[in-house]
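The structure appears below as structure tokens.
Numbering (the working numbering), first residue to last: 769 to 1413.
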């Protein structure tokens, strides 16, 4: 019923008294997700990254050579650097020290006028103050101007002014130490930091800052102490990317060039694989959406390799030129630019917009790559031959791609095994990719037909990590997924055409189910990464146990919950406990109630925090080499849960 516009509603009056101005850090406390992305694990680790990034900015300015990060037993963190130390002088405008202004005022910092920092990653002046606002407590120690200065904050509020505690000891250098504990009232899900997440982040930072030493010490567990320092910088980064792969040529190409526009570094090496691993950075920020620097690199790469191939007769005059995809197949590359005034798209900083950078990267890559190929004819031939093989596979795949497009995308025909939903609104529609016909049958009967579609897979799909595109597109199960999702594949993929905004992988809770899920995730990550970036991919969490007690059924999802349920029921051994080995063991009603009903189900959203880390993980798990897989298993065996006996 529409409201009567003449009726006064005192509960929703909107006048001057309704307007709020959030002072200081109150805006951060009220809407933390706006500043750190989320209040889950990702946002939690973002806090540590913000403080470390400030130390790295000191390194970029030439004043810091070492950063140490310590995670304490209570999940508090201490970050120590040997930079210049935060400014401590009093700011007349604010009546307080510069240190306190930095830690309590949004958009306060030394990165706006280009004087304190020529190049930096933090450009908005919100990092340290946001960490302070979202911490239960924070303590800062500054070693500067011959003294050690200190101050403590609790939930963003100073517990006193900055004090001059003591004189610097002989040999004691300048720098900043910040200790803080994430606020459990903000991070209600967990305040437990992941050593692996931090370790991978800091290793990447060390690669990008040649010679910088970053140490991570975890006091919560013995033998968790790693130090990263790479004198080869991004050359070592490329070697690391290719560590679990087979390079097709020995030498890592590298260029470094300084111009008035900015500085550019490029390192690359081809491997025998079928996926490209090209990562771009601007002022150490991972620009996973690319931008001007990536465009310049791609243009130069295509032009230079094609010109060399034709000049040497490796590509005949009548043959069509190699495409960018042909040339980039199996390429591991890192492009890093350092700019005084980078222009990012939004606060997320995922795409670089500086148009002048395209010409800088393009001209540098053109020149140095042409020289590299001329000076190493054997390696150059191996690179061109790799691209020629990719071109042949592309031409073969074109036929299969056209078959898929004409067979499904240009008609109303969908895969015969797909039980589609009646809704045509992608925002409401869900696609469950289910393991096996048995589970598929239960899912089809138990689903809500209005908005839930079911696509059963028969057996394990092709491992795309070990196959070229022609073979990938010829796989029947993969064809069914491409057609059901309805947005193309690879370079033709258009996320706006996706038919379902929730794509849920629902597999058995055993080794085979985990393998099938990993195979599907590998396919999606390599060929439809936009799906994951858009947040459309989920993993279903079916229950592991059914507890029957006094004629009532209780579904539990892990061993800890099982014990808690038995204790709560005061079962005393008189409960019947059944373990579900597969989805097919559930009847349609059980599957709906536990795993598919939006009111009761638990879905894990798939997200990629670092494309480089994800690339490394998929290569280790799904690639040809056994040793990286063995190392991964040994390092992560303690974390395994619900492994079949």
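Every residue gets a Cβ at the ideal spot worked out from N, C-alpha and C, and that includes glycine.
Using beta-carbon positions only, say whether residue i and residue j come within less than 8 Å of one another.
i            : j            : result
residue 1101 : residue 1036 : yes
residue 1045 : residue 1009 : yes
residue 812  : residue 924  : no
residue 946  : residue 906  : yes
residue 1224 : residue 1240 : no
residue 1373 : residue 1268 : no
residue 819  : residue 856  : no
residue 1060 : residue 1106 : no
residue 1210 : residue 1311 : no
residue 1222 : residue 1204 : no
residue 970  : residue 998  : no
residue 941  : residue 911  : yes
residue 815  : residue 930  : no
residue 1238 : residue 1164 : yes
residue 827  : residue 1069 : no
residue 1274 : residue 1186 : no
Alpha carbon to alpha carbon, what distance is there between residue j and residue i?
i            : j            : result
residue 825  : residue 1314 : 53 Å
residue 1087 : residue 1019 : 29 Å
residue 895  : residue 943  : 18 Å
residue 1183 : residue 1258 : 20 Å
residue 1213 : residue 1047 : 44 Å
residue 1075 : residue 1157 : 17 Å
residue 1337 : residue 1347 : 18 Å
residue 1001 : residue 976  : 6 Å
residue 1103 : residue 1015 : 19 Å
residue 1261 : residue 1254 : 9 Å
residue 1058 : residue 937  : 47 Å
residue 1147 : residue 1139 : 12 Å
residue 785  : residue 804  : Residue placement at residue 785 is poorly supported in this model, since its pLDDT is 44, which falls under 50; the coordinates still yield a value, given next. Distance between the alpha carbons of residue 785 and residue 804 is about 30 Å.
residue 1244 : residue 1250 : 10 Å
residue 1335 : residue 1321 : 15 Å
residue 974  : residue 1144 : 30 Å
residue 866  : residue 920  : 15 Å
residue 959  : residue 1236 : 43 Å
residue 978  : residue 1285 : 38 Å
residue 1340 : residue 1317 : 10 Å
residue 892  : residue 1054 : In this prediction, residue 892 has a pLDDT of 39, which is less than 50 and means its spatial position is unreliable; nothing more can be read from the coordinates.
residue 990  : residue 966  : 16 Å
residue 1349 : residue 1362 : 15 Å
residue 881  : residue 1030 : With a pLDDT of 44 at residue 881, under the threshold of 50, the modelled position of that residue is not reliable, and no figure is offered here.
residue 1073 : residue 1152 : 7 Å
residue 1042 : residue 918  : 54 Å
residue 1252 : residue 1159 : 28 Å
residue 1032 : residue 1071 : 19 Å
residue 1133 : residue 1256 : 32 Å
Could you say which of the options lies nearest to residue i if we only look at CA atoms?
i            : options                   : result
residue 1155 : 1128, 923, 1039 and 1198  : 1039
residue 994  : 1006, 1013, 1005 and 964  : 964
residue 1308 : 1360, 1329, 1264 and 1345 : 1360
residue 1300 : 1327, 1382, 834 and 1281  : 1382
residue 852  : 858, 868 and 822          : 822
residue 1217 : 1324, 1365 and 1109       : 1365
residue 874  : 898, 1098 and 1022        : 898
residue 1387 : 797, 1290 and 1228        : 1290
residue 988  : 932, 1191 and 843         : 843
residue 830  : 845, 849 and 1288         : 849
residue 1190 : 1220, 1200 and 1162       : 1220
residue 1271 : 926, 1303, 961 and 1166   : 1303
residue 1142 : 1108, 1063 and 1080       : 1080
residue 1034 : 1333, 1006, 1276 and 858  : 1006
residue 1385 : 1330, 1293 and 1331       : 1293
residue 1137 : 1065, 1124 and 1332       : 1065
residue 1161 : 1370, 1122, 1004 and 1242 : 1242
Under 7 Å: does the beta carbon of residue i sit that close to some heavy atom of the ligand FMN?
i            : result
residue 1264 : Summarising the ligand content, the structure contains no ligands, and the ligand FMN is consequently not present.
Report the partner residues of residue i according to the DSSP bridge assignment.
i            : result
residue 1307 : 1273 and 1372
residue 1059 : 1120
residue 1047 : 1102
residue 1021 : 1036
residue 1317 : 1320
residue 943  : 911
residue 859  : 864
residue 931  : 918
residue 1346 : 1314
residue 983  : 836 and 995
Is any beta-carbon of chain C found at less than 8 Å from that of residue i?
i            : result
residue 1058 : You won't find chain C in this structure, because it holds only one protein chain.
| message | Count Cβ pairs between the stretch 971-984 and the stretch 826-843 that sit closer than 8 Å; are there 3 or more? | response | Yes, the stretch 971-984 is in contact with the stretch 826-843.
| field | Cβ contact check for the stretch 1184-1196 and the stretch 1107-1127: 3 or more pairs under 8 Å | value | no
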